[in-house]
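J.: Quick one: the structure is below, and I'll ask about it shortly.
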Amino acid sequence: MKHRLSIWLGFLVTAIAVISLSPASGQAPKKATAPAKAPAVPKTPWGDPDLQGVWNDATSTPLQRPSTVGAKDILSDEEAEEFQQQLAHDLSRDRRDGGPEADVNRAYNEHWMDSRRLKITADRRTSLVVDPPDGRIPPLVPLPPEREKARAARAAANARFNAGLPENYRDMSLPVRCIIRTDSPPYLPTIYNNDFQVFQSPGYVVIAPEMIHSARVIPLDGRPHINKNLKLWLGDSRGHWEGNTLVVETTNFRPDDGVIFQNANPETFHITERFSRVDSKTINYEFTVEDPKTWTKPWTAVIPWTKIDPEEQMYEYACHEDNYDIVHFLAGARAREKRGETK
Amino acid sequence: MADGHPDLNGIWQAMVTANWDLQDHDAQPGPHPEIMGAYGAGPAGQSIVEGGEIPYKPEALQKKKQNFEKRATVDVSSDKKWHEIGDPEIKCYMPGVPRATYMPFPFQIVQGSGPYILMSYEYASSTRIIRMNSKQEAPTPSWMGWSRGRWEGDTLVVDVTGLREETWLDRGGDFHSDELHVVERYTPMSPYHLMYEATIEDPKVYTRPWKMSFPLYRRIEKNVQLLEFKCVPFTEQMLYGRFSK
Numbered sequence: 002m003k004h005r006l007s008i009w010l011g012f013l014v015t016a017i018a019v020i021s022l023s024p025a026s027g028q029a030p031k032k033a034t035a036p037a038k039a040p041a042v043p044k045t046p047w048g049d050p051d052l053q054g055v056w057n058d059a060t061s062t063p064l065q066r067p068s069t070v071g072a073k074d075i076l077s078d079e080e081a082e083e084f085q086q087q088l089a090h091d092l093s094r095d096r097r098d099g100g101p102e103a104d105v106n107r108a109y110n111e112h113w114m115d116s117r118r119l120k121i122t123a124d125r126r127t128s129l130v131v132d133p134p135d136g137r138i139p140p141l142v143p144l145p146p147e148r149e150k151a152r153a154a155r156a157a158a159n160a161r162f163n164a165g166l167p168e169n170y171r172d173m174s175l176p177v178r179c180i181i182r183t184d185s186p187p188y189l190p191t192i193y194n195n196d197f198q199v200f201q202s203p204g205y206v207v208i209a210p211e212m213i214h215s216a217r218v219i220p221l222d223g224r225p226h227i228n229k230n231l232k233l234w235l236g237d238s239r240g241h242w243e244g245n246t247l248v249v250e251t252t253n254f255r256p257d258d259g260v261i262f263q264n265a266n267p268e269t270f271h272i273t274e275r276f277s278r279v280d281s282k283t284i285n286y287e288f289t290v291e292d293p294k295t296w297t298k299p300w301t302a303v304i305p306w307t308k309i310d311p312e313e314q315m316y317e318y319a320c321h322e323d324n325y326d327i328v329h330f331l332a333g334a335r336a337r338e339k340r341g342e343t344k
Numbered sequence: 023m024a025d026g027h028p029d030l031n032g033i034w035q036a037m038v039t040a041n042w043d044l045q046d047h048d049a050q051p052g053p054h055p056e057i058m059g060a061y062g063a064g065p066a067g068q069s070i071v072e073g074g075e076i077p078y079k080p081e082a083l084q085k086k087k088q089n090f091e092k093r094a095t096v097d098v099s100s101d102k103k104w105h106e107i108g109d110p111e112i113k114c115y116m117p118g119v120p121r122a123t124y125m126p127f128p129f130q131i132v133q134g135s136g137p138y139i140l141m142s143y144e145y146a147s148s149t150r151i152i153r154m155n156s157k158q159e160a161p162t163p164s165w166m167g168w169s170r171g172r173w174e175g176d177t178l179v180v181d182v183t184g185l186r187e188e189t190w191l192d193r194g195g196d197f198h199s200d201e202l203h204v205v206e207r208y209t210p211m212s213p214y215h216l217m218y219e220a221t222i223e224d225p226k227v228y229t230r231p232w233k234m235s236f237p238l239y240r241r242i243e244k245n246v247q248l249l250e251f252k253c254v255p256f257t258e259q260m261l262y263g264r265f266s267k
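Protein chains in written order, with the working numbering: chain A, 2 to 344; chain B, 23 to 267.
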């Protein structure tokens, strides 16, 4: 632990240096097009832009713009400082303002937190969503009754789980069941394990998120998607290069509850991800999702990926293998029912 | 490759039936023939162990037999006994090394220009990273172990330590302890074949180091790709059903 901690602290210093030197500071976020004067991007021996390495996407910047900042998309230095402090306060579990029981519970969970998640993105945006310009995911279209019903069923299952009364393992989310977690696109920052290792070989890019261990293999040879009868938890990805940007289209997602972001419609959900190597330390990760049967219009988010010290390597995230909690949750629920605590 | 080493990139698969038993085995019924019939049955196969037999210490051989008898029994009611009985495969746990190599599923080697080679297995979406020329010791035990690679001529040699003691070597109950040390050798035989050899050392369980070997075949179907065998959902009722409402 001590070794790991010192590495983390070392990274923090690096991260601060990068942020303060970043030429992007104070500029509007760039759209997918490459900057006019791009710095030389490293290439693999076979000529592809080189994305190999371990990257981290942790940030406190929320996916959607919070109402507290009004319509502001980019903050001034002072505003950014205050925004970051407020977010860090809200996310931190090392607090003394909830009474002894709440404070101790929170503190117990503090060690899980990725400390890098307490910083906003270097460009001082108020949301990861960059389009629509209001920084919010567009409203839902009216959903057919069967999808409304499925959403209500999911909400009820979540409520049972949150009340400590899950009926069975299906009341738990896919991450709690150790099926998929941050390994399916779009990649969004979470409370811990925000590392991704990118591997490349001629004709392939492979992204291995630390959590859960599935590697996402992206062929670049122009082959068609697999037959639409085949469905995958991570979807079926195909990539190509546009300049120094890796563009990835993913289809063939399974229809299971929770596989696709916000339970969009598997038949019409479309995601395009763009990985642009901006400089030696940064990949710009941009994704656009559209699904006319779920959202009123497409939306796009941008999340910077920062290269981490190679010393801070990927660890195996074995989840299902020791998922004791799933039994604790269920056995606890059965015990509560026995005692009549059913509400 | 540009660095002068053989190019091991590709999707590979073993054709042996060692996942049922590393040693000689006849065709056999599964653990529940009254329900599964021939579906649960296993194929016959010849031993992939050099000399035919794994050199168990006498007490370890007893444990192997017990493992086999309870291979399809699971009990996760207590954290402490969580891993005591049952083949990890039936619970969809990551298979460890060398078992991952001869599971009846393909795996992909991704060899680029960095100091890492990725091995991505279809079974349980297991992955492992081979750290080339690394001197670092395993930071903690893990299911897929700590792999350090080097080239010896045209052979990729991978030294694997830090394997969780709970992994098994096959459905026959073959096992190891926390002192397992595996040295793998991947040697190209043709554009379509690799020879795989593994030396298994574990002084707690075996009387001497022993070797297994078998070829790996390149999957050459048009547009072949790894699919998913995310088997966790296939195990949940078996593992957790008794705690459900």
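Backbone N, C-alpha and C define an ideal beta-carbon position, used for all residues, glycine too.
Nothing here was measured: the structure is a model prediction, and the numbers come from that model.
1. Applying a beta-carbon distance threshold of less than 7 Å, which residues of chain A neighbour S169/B?
2. I need the straight-line Cα distance from D97/B to L261/B, nearest angstrom please.
3. Run through chain B and tell me which residues come within less than 8 Å of F197/A, C-beta to C-beta.
4. Quick check: the stretch 105–121 of chain A against the stretch 73–88 of chain A, are at least 3 beta-carbon pairs closer than 8 Å?
5. Report the partner residues of N285/A according to the DSSP bridge assignment.
6. Take P176/A and list the residues in its own chain whose beta-carbon comes closer than 7 Å to its own, dropping the five residues that flank it on each side.
7. With a floor of 4 residues, list each alpha helix (DSSP H) that falls wholly inside the stretch 113–192 of chain A, ordered by position along the chain.
8. So what does DSSP say about Q65/A, is it helix, strand or coil?
9. Looking only at its chain, what residues have a beta carbon closer than 8 Å to the beta carbon of S7/A, apart from the 5 residues adjacent to it on each side?
10. State yes or no: is the beta carbon of W18/B nearer than 8 Å to at least one beta carbon in chain A?
11. Under DSSP, the beta strand (DSSP E) around D181/B begins and ends at which residues?
12. In or out: F288/A buried (at least 16 other Cβ within 10 Å) or exposed?
13. What residues of chain A sit near D176/B, judged by a beta carbon separation below 8 Å?
14. If we define contact as Cβ-Cβ less than 8 Å, is T229/B a contact residue for chain A?
15. Starting from the C-beta of E144/B, find all residues in its chain whose C-beta is less than 6 Å away, skip the five residues before and the five after it, and write them out in chain order.
16. From W291/A to D29/B, what distance separates their C-alpha atoms?
17. So the alpha helix (DSSP H) R93/B belongs to, where does it begin and stop?
18. Taking C-beta pairs closer than 8 Å, name the residues in chain A that T149/B reaches, listed in chain order.
19. Is the stretch 184–204 of chain A close to the stretch 131–142 of chain B, with three or more CB pairs under 8 Å?
20. Under 7 Å Cβ-Cβ, which residues of chain B neighbour T45/A?
21. I want to verify the contact list: residues of chain A whose CB lies under 8 Å from the CB of V254/B, in sequence order.
22. Within 8 Å, do at least three Cβ pairs link the stretch 60–78 of chain B to the stretch 33–49 of chain B?
23. At what residues does the alpha helix (DSSP H) containing T257/B begin and finish?
24. Mind reading off the beta-carbon distance from F240/B to H215/B? Whole number of angstroms is fine, and I expect it under 8 Å.
25. Can you list, in chain order, the residues of its chain whose CB lies under 8 Å from that of N155/B, leaving out five sequence neighbours each side?
26. Look at the alpha carbon of A29/A and the alpha carbon of P187/A, and state the distance between them as a whole number of angstroms.
27. To the nearest angstrom, report how far apart K157/B and T251/A are at their CA atoms.
T.: By the coordinates alone:
1. Residues of chain A passing the Cβ test: none, with the nearest at roughly 11 Å.
2. Their Cα atoms are separated by approximately 7 Å.
3. Within 8 Å of the CB of F197/A, no CB atom of chain B is found; the nearest one sits about 12 Å away.
4. Per the Cβ contact rule, the stretch 73–88 of chain A is in contact with the stretch 105–121 of chain A (3 or more Cβ pairs under 8 Å).
5. DSSP, once it has assigned bridges, lists S277/A, P305/A as partnering N285/A.
6. If we look at P176/A and ignore the five residues flanking it on each side, its Cβ neighbours are R182.
7. Fully enclosed alpha helix (DSSP H) runs of no fewer than 4 residues occupy 146–163 of the stretch 113–192 of chain A, in order along the chain.
8. DSSP places Q65/A in the coil class of the three-state scheme, outside both helix and strand.
9. Only weak support is given to the placement of S7/A: the predicted model assigns it a pLDDT of 37, under 50, and the value that follows is read from those uncertain coordinates. Take S7/A, set aside five residues on each side of it, and no residue of its chain has a beta-carbon closer than 8 Å to its own.
10. The structure shown does not extend to residue 18/B, since chain B is modelled only from 23 through 267, so no value can be given for it.
11. Counting along the chain, D181/B sits inside the beta strand (DSSP E) bounded by residues 177–183.
12. F288/A is buried by the Cβ-count criterion.
13. Ordered by position in chain A, no residue passes the 8 Å Cβ test against D176/B, which lies about 18 Å from the chain.
14. Cβ-Cβ to chain A under 8 Å: no for T229/B.
15. Within the same chain, E144/B has close Cβ partners F127, P128, L248, F251.
16. It is worth fixing the name first, because residue 291/A is Glu in this sequence and not Trp. Each residue's Cα considered, the two are about 39 Å apart.
17. Careful: R93/B lies outside any alpha helix (DSSP H) and carries neither H nor E.
18. What T149/B touches in chain A, judged by beta-carbon distance under 8 Å, is A209, H214, S215, A216, going in chain order.
19. Yes: the two stretches touch, three or more of their Cβ pairs being nearer than 8 Å.
20. Result: G134, S135.
21. Ordered by position in chain A, the residues that pass the 8 Å Cβ test against V254/B are R178, C179, I180, H321.
22. With contact defined as three or more Cβ pairs closer than 8 Å, the stretch 33–49 of chain B and the stretch 60–78 of chain B are in contact.
23. Here the alpha helix (DSSP H) through T257/B covers 254–262.
24. The amino acid at residue 240/B is misidentified as Phe; the sequence shows Arg. With 8 Å as the limit, R240/B and H215/B qualify as a contact, their Cβ atoms being about 7 Å apart.
25. Around N155/B: P137, R170, G171, R172.
26. Only weak support is given to the placement of A29/A: the predicted model assigns it a pLDDT of 45, under 50, and the question is left unresolved by the model.
27. K157/B and T251/A have their C-alpha atoms roughly 38 Å apart.
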